[in-house]
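In our numbering, the protein residues as written are 79 to 367. What follows is a set of notes on a single structure, which appears directly below.
Quick look at the structure:
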């Protein structure tokens, strides 16, 4: 037993001291070990959040590889969940988002210069906003030494499958389907024996239509307008949405998602809503994400 639960790592028969071989500045005394402070910022259609993690990495001792793999991770800080702010239908509120990130850094007690790596990921309908790319670059520059990425729908589906545990679970049960329903899109990943074999995405999500406490419509995404129009509902910013219209839209959204999951024949509307070129958008495996 150790007083510090992270003092030693046990991998196989040999015992390797982790922190004893890693200097305080993050550079390993033993070149086979590496400790990093990582940050991830996720800007989604519905919500945004930030998380800091401590990663312990070890050089692979097999396959004659010089690559490192994560052998331990610890969450250092999770930010509150923020409803992604928008100034209008096509623009993310950069000031509000920037303030949220700065406050999260302050609350975590982790300085910008202490961040070794990380990613800014913009997903779903948020990617389509006119200033999304500029925001990702800004946050990456402010956040430390980042690996900056804007995730496409296929990568989002893969990340969701790994993050939910579906990929690992498939090694036990053989195969499965992971459904990631976000604010602007629904991503689906088929997993088989520890691999993602298929992904696709469709523009159906929880925030395609947004309204205030008085039921006055504040924002309508393009996909939301198409779906509403298909059931005879005319959605306009500033108008009041009725309870009946909400229920009709919810039922239509759910029906469309289930048709996709059941692989039913695609209607013209479903084809318009597809984000990926076709239902079978990805085949094969990925080595690392």
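Heads up, the beta-carbon is just placed ideally off N, CA and C, and yes, glycines get one too.
| residue 173 versus 155, 217, 329 and 192, residue with shortest Cα-Cα distance | In the chain shown, the residue the question calls residue 173 occupies position 95. Residue 173 has its Cα closest to that of 217, out of 155, 217, 329 and 192.
| query | Is residue 126 near residue 175, with beta carbons less than 8 Å apart? | reply | Within the chain shown, the letter at position 48 stands for residue 126. Within the chain shown, the letter at position 97 stands for residue 175. Going by C-beta atoms, residue 126 is nearer than 8 Å to residue 175.
| Is any heavy atom in the ligand MG found nearer than 7 Å to the beta carbon of residue 138? | Judged by which ligands are present, the structure shown has none, so any question about the ligand MG falls away.
| Between the beta-carbon of residue 245 and the beta-carbon of residue 274, is there less than 8 Å? | Position 167 of the chain shown, counted from the start, is the residue given in the question as residue 245. Position 196 of the chain shown, counted from the start, is the residue given in the question as residue 274. In contact: residue 245 and residue 274 (Cβ atoms closer than 8 Å).
| request: Determine the DSSP secondary structure at residue 294, reduced to helix, strand or coil. | output: On the chain shown, residue 294 is found 216 positions in, with the first residue counted as 1. Strand at residue 294.
| query | Is it buried or exposed for residue 144, if we count other Cβ within 10 angstroms and need 16 for buried? | reply | Residue mapping note: residue 144 aligns to position 66 of the chain shown, counting from 1. The residue in question, residue 144, is exposed, as its Cβ has fewer than 16 Cβ neighbours within 10 Å.
| So residue 262 and residue 203 are in contact, right, with Cβ under 8 Å, and what is the actual spacing, rounded? | Counting from 1 along the chain shown, the entry for residue 262 is found at position 184. Counting from 1 along the chain shown, the entry for residue 203 is found at position 125. Indeed they touch by this definition, with Cβ atoms about 3 Å apart.
| task | Mind checking which residues open and close the alpha helix (DSSP H) that includes residue 341? | result | In the chain shown, residue 341 corresponds to position 263, counting from 1. It is not in any alpha helix (DSSP H) - residue 341 carries neither H nor E in the DSSP assignment.
| request: Using a threshold of 8 Å, state whether the C-beta atoms of residue 170 and residue 213 are closer than that. | output: Here the question's residue 170 lines up with position 92 in the chain shown. Here the question's residue 213 lines up with position 135 in the chain shown. For residue 170 and residue 213, yes; Cβs fall inside 8 Å.
| query | Under a Cβ-count criterion, where at least 16 other Cβ atoms within 10 Å of its own Cβ denotes burial, should residue 323 be classed as buried or exposed? | reply | Here residue 323 refers to the residue found at position 245 when the chain shown is read from its first residue. The residue is buried, with at least 16 neighbouring Cβ atoms inside 10 Å.
| said: If the criterion is Cβ atoms closer than 8 Å, does the pair residue 114 and residue 133 meet it? | reply: Residue numbering aside, residue 114 sits at position 36 when the chain shown is read from its first letter. Residue numbering aside, residue 133 sits at position 55 when the chain shown is read from its first letter. Yes, the pair counts as a contact, with Cβ atoms nearer than the cut-off.
| Is DSSP giving residue 99 helix, strand or coil here? | Within the chain shown, numbered from 1, the residue matching residue 99 stands at position 21. Per-residue confidence for residue 99 stands at a pLDDT of 48, beneath the threshold of 50, marking its modelled position as unreliable; no derived number is given.
| field | Per DSSP, the bridge partner or partners of residue 132 | value | In the chain shown, counting from the first residue as 1, residue 132 sits at position 54. In the DSSP output, where bridge partners are listed per residue, residue 132 has 115 and 152.
| task | Would you tell me roughly how many angstroms separate the C-alpha atoms of residue 264 and residue 338, rounded to the nearest one? | result | The residue labelled residue 264 in the question sits at position 186 within the chain shown. The residue labelled residue 338 in the question sits at position 260 within the chain shown. About 10 Å.
| alpha helix (DSSP H) runs wholly inside the stretch 230-269, at least 4 long, in chain order | 231-241 and 244-251
| Cross-strand partners of residue 276 (DSSP beta bridge) | Indexing the chain shown from 1 puts residue 276 at position 198. DSSP lists 268 as partners of residue 276.
| task | Compare the beta carbon distance of residue 152 and residue 136 with 8 Å and say whether it is the shorter of the two. | result | For this step, residue 152 is matched to residue 74 along the chain shown. For this step, residue 136 is matched to residue 58 along the chain shown. Going by C-beta atoms, residue 152 is not nearer than 8 Å to residue 136.
| said: Give me the DSSP bridge partner(s) of residue 137. | reply: As a working note, residue 137 is residue 59 in the chain shown. The partner list for residue 137 (beta bridge, DSSP) reads 146.
| message | Just to confirm before moving on: does the CB-CB distance between residue 315 and residue 298 stay below 8 Å? | response | Along the chain shown, read from residue 1 onward, the residue named residue 315 stands at position 237. Along the chain shown, read from residue 1 onward, the residue named residue 298 stands at position 220. Yes, Cβ-Cβ distance for residue 315 and residue 298 is below 8 Å.
| query | For residue 309, does the three-state DSSP call read helix, strand or coil? | reply | Translated into the one-based positions of the chain shown, residue 309 becomes position 231. Here residue 309 sits in coil by DSSP.
| query | Beta-carbon separation of residue 116 and residue 201 under 8 Å? | reply | The residue given as residue 116 occupies position 38 in the chain shown. The residue given as residue 201 occupies position 123 in the chain shown. Not in contact: residue 116 and residue 201 (Cβ atoms no closer than 8 Å).
| With a CB to CB cut of under 8 Å and the five nearest residues on each side skipped, what residues in its chain are close to residue 179? | Working through the chain shown from its first residue, we reach residue 179 at position 101. The answer, listed in chain order, is 119, 128, 217, 220 and 221.
| field | Closest by C-alpha distance to residue 165, when choosing among 207, 192, 154 and 191 | value | The count along the chain shown starts at 1 and reaches residue 165 at position 87. Of the listed residues, the one whose Cα sits closest to residue 165 is 207.
| Rounded C-alpha distance that separates residue 195 from residue 154 | Start at 1 with the first residue of the chain shown, and residue 195 comes out as number 117. Start at 1 with the first residue of the chain shown, and residue 154 comes out as number 76. Roughly 14 Å between the two C-alpha positions.
| Taking C-beta to C-beta, are residue 279 and residue 335 nearer than 8 Å? | Taking the first residue of the chain shown as position 1, residue 279 is located at position 201. Taking the first residue of the chain shown as position 1, residue 335 is located at position 257. Cβ distance not < 8 Å, so residue 279 and residue 335 don't count as in contact.
| Span of the beta strand (DSSP E) around residue 122 | In the chain shown, residue 122 corresponds to position 44, counting from 1. Residue 122 -> no beta strand (DSSP E), and no H or E assigned at all.
| Taking buried to mean at least 16 other C-beta atoms within 10 Å of its own C-beta, is residue 101 buried or exposed? | Reading the chain shown from its first residue, position 23 is the one you call residue 101. Confidence in residue 101 is poor, its pLDDT being 46 and thus under 50, which makes the residue's placement too unreliable to answer from.
| field | C-alpha distance - residue 325 paired with residue 287, whole-angstrom precision | value | Translated into the one-based positions of the chain shown, residue 325 becomes position 247. Translated into the one-based positions of the chain shown, residue 287 becomes position 209. One C-alpha to the other measures close to 13 Å.
| task | Can you grab the Cα-Cα spacing for the pair residue 309 / residue 341, in whole Å? | result | Taking the first residue of the chain shown as 1, we reach residue 309 at position 231. Taking the first residue of the chain shown as 1, we reach residue 341 at position 263. Whole-angstrom Cα-Cα distance: 22 Å.
| query | To the nearest angstrom, how far is it from the Cα of residue 158 to the Cα of residue 185? | reply | In the chain shown, residue 158 corresponds to position 80, counting from 1. In the chain shown, residue 185 corresponds to position 107, counting from 1. Taking the straight line joining both Cα atoms gives about 10 Å.
| When we look at the beta-carbon of residue 248 and count the other beta-carbons within 10 Å, is it buried (16 or more) or exposed? | The residue given as residue 248 occupies position 170 in the chain shown. So residue 248 counts as buried.
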